[in-house]
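One structure is given below, encoded as structure tokens.
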Amino acid sequence: SMLGPTFACIIAMQLSKNRRGDRFWYELPNQPSSFTPQQLAEIKKVKLSRIMCDNTDLIDSLQIYPMVLPDHIINPRVPCKAGIIPRMDLNKWTDFPLPNVESAPVVSNFADDFDVFFKRK
1 SMLGPTFACI IAMQLSKNRR GDRFWYELPN QPSSFTPQQL AEIKKVKLSR IMCDNTDLID
61 SLQIYPMVLP DHIINPRVPC KAGIIPRMDL NKWTDFPLPN VESAPVVSNF ADDFDVFFKR
121 K
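As structure tokens, then:
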């Protein structure tokens, strides 16, 4: 470590106090805005490599730990679409079962529905 034991302890104590003292910290339990254990597990699955794969257009493959140089054994490059880098399951945030997208009604003409709703003719 580049830090001495005293400074490392000070940083660790400060981080611990910040986590416990922030009522909006995402891991804090028993708050109205707290995540469920299943939601926390999904949040903790997220890796920087998944965020980069999902939000960039020019990356097709990336090493699992993107801030570390790629290595064929320790940190190999993997295709973004291969399913090796885990994805967050957003179904953990639904209160009701999701409808089947294929059977969901489609609004054919939004302007007509808008006028009918507001009784405009």
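The numbering of the sequence shown is full-length UniProt numbering, which starts it at 1 and goes up by one.
Using N, Cα and C, we set each Cβ at its ideal position, and we do this for glycine too.
Bear in mind that the values here come from a model prediction, so they are computed numbers and not experimental data.
I need the boundaries of the alpha helix (DSSP H) containing residue i, first residue and last residue.
i     : result
Pro37 : Pro37 to Lys45
Ser61 : Run containing Ser61: none in the alpha helix (DSSP H); it sits in the beta strand (DSSP E), Ser61 to Gln63.
Arg50 : Leu48 to Asn55
Gln31 : From DSSP, Gln31 is part of no alpha helix (DSSP H); its letter is neither H nor E.
Ile11 : Pro5 to Gly21
Look up residue i in the DSSP assignment and give the residues it is bridged to.
i     : result
Pro79 : Ser61
Asp71 : Asn75
So residue i and residue j are in contact, right, with Cβ under 8 Å, and what is the actual spacing, rounded?
i     : j     : result
Lys81 : Gln39 : In fact, because the Cβ distance is near 25 Å, the residues do not count as touching under 8 Å.
Gln63 : Asn55 : With a Cβ gap of about 17 Å, Gln63 and Asn55 do not count as contacting.
Met52 : Pro66 : 6 Å
What residues in its chain sit with their C-beta under 6 Å from that of residue i, if we drop five residues either side in the sequence?
i     : result
Trp25 : Arg19
Determine whether the Cβ of residue i lies closer than 8 Å to any Cβ atom of chain E.
i     : result
Ile10 : Structure shown: chain E not included; a single protein chain is present.
Using only alpha-carbon positions, find the residue among the options that is nearest to residue i.
i     : options                       : result
Gly83 : Ser49, Gln14, Glu27 and Leu15 : Ser49
Met88 : Lys47, Phe96 and Phe7         : Lys47
Within its chain, find whatever has a CB closer than 8 Å to the CB of residue i; leave out the 5 residues flanking it on each side and keep chain order.
i     : result
Leu3  : Ile11
Pro79 : Asp60 and Ser61
With a threshold of 7 Å on Cβ separation, who are the neighbours of residue i within its own chain once the five nearest residues in sequence on each side are excluded?
i     : result
Gln14 : none
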